[in-house]
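Student: According to my numbering, numbering within the sequence shown proceeds without interruption in unit steps and concludes at 429. Glycine is no exception: its CB is placed at the ideal position from the N, C-alpha and C atoms. Everything numeric in this text was worked out from a predicted model, so none of it was measured.
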Amino acid sequence: MKIALFCPNYPPAVSEGGISHYTRCLARHLCQAGDDVYVIAGKAYCGSGVDGKASVFKYPGLWNLSTLRRISQQLRAHNIKLINLQYSPVMYPWQFKLAWNYLSKRFITTVSFHTLWGGRKINHFLALNLLYGADGVIATNSEIVHLLKKYMPCFLKKTRYIPIGSNIQPKQADQNEYQKIMAGFSTDSDTPLLAYFGMAYPGKGLQMLFEAVHILLLKQDIDFKLIVIGGGIADLSEYIREKKKLVQSFGIQDRVIFTGKIPAGEVSVLLNASRMVVLPFVSGVSDRRGSLMAALAHHKAVVTTKPAVSIDGFKNRENLIWPNETNAKNLADTIRQVFEDRELRQKLEKGAKALSRSYLWADISKETRQFFQTVVGKNVKPNFIDCDNEAALR
């Protein structure tokens, strides 16, 4: 099967995020299964045009109808019939979202929704437009399923829930490598390590996390270091600087380590070395969070915040733990409980290991591939051979 995946910031890119890493994992697994994968990337892409067995086509500039016409010609030149849009509202200009209908008339189209809508009100209409025009829809998280059930159940028939997996694969480092990485971030095996992982931007709960750390270190006298793994995003370069100032204002700068963006192997080593992972999402824990999937894949005890919607498999105090009310004091109390209660921590680690089996890439890619095949089997676009003939589409 020949498949084209649309992802403007496909890695390596000037600005990357969870969706770009998810798309790369998906592309590589589809290639391993024998599919021919072509990635449509944007101006942020800075790779060679080849990622393993996948081909990457770069289209710089503003994505609009003119861009889609050029993309259509290239897809047809490679005899591609199925295309998949990796979608979050912030990833594409509104011109592109409206012009997507140009491709949906000419190819079998699927849309993988990571976020349904957000930001401006127009995104509600644009999401509806994408849902209506798609031959198949993938809901990559429970929040998408919840919103479709509540507001647009008519689209559920062509929708399949296929979750995301971890973009960071567990790595076992030898002793020399382990000591080198730990020393590079001024950590050692004697001081317990708490970890935060993920891109840093508003909504991740860093302010609440630092306040909780302040409570634990200065008011409750617990000995540990917090390592903040990951960097900020280019559009909010000031955000990390503000958070570093916040850490200084709390007087905990000697106990908080900012790694910035680091290789996946180093991320894995630091996650493995941590006593727990703390992910205090402002909007609640969700299965759309790649950082959570990474923590689960490393079988870590995860302290987080109460989910906004019901998520199958998420069980408080069994495979995750969150306070009933979200604030810095309750977060600090929960961290302390996991920190000091070894039996609880081991229970959470065991639960995380079991839960991680629901998010294995082997299963995700298999389900995605089967869904694509089903969509192709049900949908044959009329006049595909003459799909650039405007008269044939009227």
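Within this structure, are the beta carbons of V312 and I287 separated by less than 7 angstroms?
Tutor: no
Student: Evaluate S272 with the Cβ neighbour count: other Cβ atoms within 10 Å of its Cβ, from every protein chain shown; 16 or more gives buried, anything less gives exposed.
Tutor: exposed
Student: Pick helix, strand or coil for V91, following the three-state DSSP scheme.
Tutor: strand
Student: Using the DSSP secondary-structure output, state which residues sit across from G295 in a beta bridge.
Tutor: I264, G265
Student: Would you grab the beta carbon distance between Y80 and Y45 for me? Rounded to a whole angstrom, and I think it's under 8 angstroms.
Tutor: 5 angstroms
Student: Tell me which same chain residues have a C-beta within less than 8 angstroms of the C-beta of E212, skipping the five on either side of it?
Tutor: Closer than 8 angstroms at the Cβ level, and outside the excluded window around E212, lie V304.
Student: Using the rule of at least 16 other Cβ atoms within 10 Å of the residue's Cβ for burial, across every protein chain shown, is P43 buried or exposed?
Tutor: P43 should be labelled buried.
Student: Quick check on DSSP: helix, strand or coil for G171?
Tutor: Reduced to three states, the DSSP call for G171 is strand.
Student: Identify every residue that forms a DSSP beta bridge with R195.
Tutor: I173
Student: Near Q130, which residues of its chain fall below 6 angstroms by C-beta distance, leaving aside the five closest residues on each side in sequence?
Tutor: N99
Student: Are the C-beta of K184 and some C-beta of chain D separated by less than 7 angstroms?
Tutor: Of the protein chains in this structure there is only one, and it is not chain D.
Student: Return the CA-CA distance between N351 and I203, expressed in angstroms with no decimal places.
Tutor: 24 angstroms
Student: I'd like to check one pair, S139 with Q121: are the Cβ atoms closer than 7 angstroms?
Tutor: no
Student: Determine the direct distance from the alpha carbon of Y127 to that of C189, and round the result to whole angstroms.
Tutor: 25 angstroms
Student: Whole angstroms are fine: how far does the CA of G200 sit from the CA of A299?
Tutor: 15 angstroms
Student: Using 8 angstroms as the Cβ pair cut-off and three pairs as the minimum, do the region 378–391 and the region 181–196 touch?
Tutor: no
Student: Note down the Cα distance separating K88 from A336, rounded to an integer number of angstroms.
Tutor: Using only the alpha carbons, I get a separation of about 36 angstroms.
Student: Given that a residue counts as buried once 16 or more other Cβ atoms are within 10 Å of its Cβ, and exposed if not, what is V410?
Tutor: buried
Student: Does the region 177–187 come close enough to the region 319–338 to have 3 or more Cβ pairs within less than 8 angstroms?
Tutor: yes
Student: Ordered along the chain, which non-local residues of its own chain (more than five positions away) have a Cβ less than 7 angstroms from that of R371?
Tutor: L251, Q255, I257
Student: May I ask you to report which of helix, strand or coil DSSP gives V320?
Tutor: DSSP places V320 in coil when its eight states are reduced to three.
Student: Can you tell which of A39, V302, T403, V291 has the C-alpha that lies nearest to the C-alpha of Q108?
Tutor: A39
Student: Got a sec? Which residues, its chain only, sit under 6 angstroms from I193 by beta carbon, not counting five neighbours each side?
Tutor: At residue 193 the sequence reads Lys, which differs from the Ile that was named. G171, V172.
Student: Provide the residue span of the alpha helix (DSSP H) that contains N359, from first to last.
Tutor: Segment: none, N359 is in no alpha helix (DSSP H) and carries neither H nor E.
Student: Which residues in the same chain as T361 place their Cβ atom closer than 6 angstroms to its Cβ, once the five residues preceding and following it in sequence are excluded?
Tutor: Here the set comprises T340.
Student: Rounded to whole angstroms, what is the Cα-Cα separation between S284 and P227?
Tutor: 23 angstroms
Student: In the region 334–414, which residue ranges form an unbroken beta strand (DSSP E) of at least 3 residues, counting only runs that do not cross its ends?
Tutor: 337–339
Student: I54 and I75 look like a contact to me (Cβ under 8 angstroms); what is the Cβ gap, rounded to whole Å?
Tutor: Incorrect: roughly 14 angstroms between the Cβ atoms, too far for contact.
Student: How many Å lie between L151 and W135 at the Cα?
Tutor: Our two residues, L151 and W135, have alpha carbons roughly 16 angstroms apart in a direct line.
Student: Just to confirm the assignment, what range does the beta strand (DSSP E) spanning L229 have?
Tutor: 228–232
Student: For the alpha helix (DSSP H) that F220 lies in, which residues bound it at each end?
Tutor: Here F220 belongs to no alpha helix (DSSP H), and DSSP marks it neither H nor E.
Student: Give every residue of the same chain whose Cβ lies closer than 6 angstroms to the Cβ of L165, excluding the five residues on either side of it in the sequence, and list them in chain order.
Tutor: V146
Student: L65 to A162, Cα distance in whole Å?
Tutor: 26 angstroms
Student: Go through its chain and collect everything with a Cβ distance to D70's Cβ below 8 angstroms, but skip five positions before and after it.
Tutor: M36, K37, I38, R404
Student: I'd like the span of the beta strand (DSSP E) that includes K37, first residue to last.
Tutor: For K37, the uninterrupted beta strand (DSSP E) run begins and ends at 37–41, by DSSP.
Student: Beta strand (DSSP E) containing V146: first to last residue?
Tutor: 143–148
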